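Trainee:
In my numbering, the protein residues as written are 413 to 505.
1) Given a threshold of 16 other Cβ atoms within 10 Å of its Cβ, counted over all protein chains shown, does residue 455 qualify as buried or as exposed?
2) Excluding five sequence neighbours on each side, which residues of the same chain lie with their C-beta closer than 7 Å to the C-beta of residue 503?
3) In the DSSP assignment, find the beta strand (DSSP E) that holds residue 447 and state where it starts and stops.
4) Is it buried or exposed, residue 457, if we count other Cβ atoms within 10 angstroms and call 16 or more buried?
5) So, is residue 430 buried or exposed, given that buried needs 16 or more other C-beta atoms within 10 angstroms?
6) Would you give the residue range spanned by the alpha helix (DSSP H) that residue 460 belongs to?
7) Quick check on residue 421: does DSSP put it in helix, strand or coil?
8) Over what stretch of residues does the alpha helix (DSSP H) that includes residue 437 continue unbroken?
9) Note down, in chain order, each residue of its chain lying with its Cβ closer than 7 Å to the Cβ of residue 489, except the 5 sequence neighbours on either side.
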């Protein structure tokens, strides 16, 4: 399977994620959640994601929408759009 296909399999709509989380819960898998803007990916982001992964289990990363980031950080943001930020995050192991 190509890397891009593997990456895309990690990106969920909310309804698809709910179904997936329900399956994980049925099989008693540990679920870790974190979220953020991840507009300009930096060391702090990587450390938080690594700490979440070190807890073991399935890591769910909530991603702020472009609209949400504009409200939080101003009209000039985000620098990286939501689709690309999702791909960047999903590319991390």
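C-beta atoms are modelled at their ideal positions from N, C-alpha and C, and glycine is treated no differently.
If you're wondering where the values come from, they're calculated on a predicted model, not measured in any experiment.
Mentor: Reading off the structure:
1) Burial call: exposed.
2) Short of 7 Å from the beta carbon of residue 503, and not among the five residues preceding or following it, lie these beta carbons of its own chain, in chain order: 419.
3) Element bounds for residue 447: 443-448.
4) With 16 or more Cβ atoms within 10 Å of its Cβ, residue 457 is classed as buried.
5) Around the C-beta of residue 430, fewer than 16 other C-beta atoms lie within 10 Å, and the residue is accordingly described as exposed.
6) Where residue 460 is concerned, the enclosing alpha helix (DSSP H) starts and stops at 455-466.
7) Coil at residue 421, not helix or strand.
8) Annotation for residue 437: the continuous alpha helix (DSSP H) segment containing it runs 426-438.
9) Here the set comprises 451, 481 and 482.
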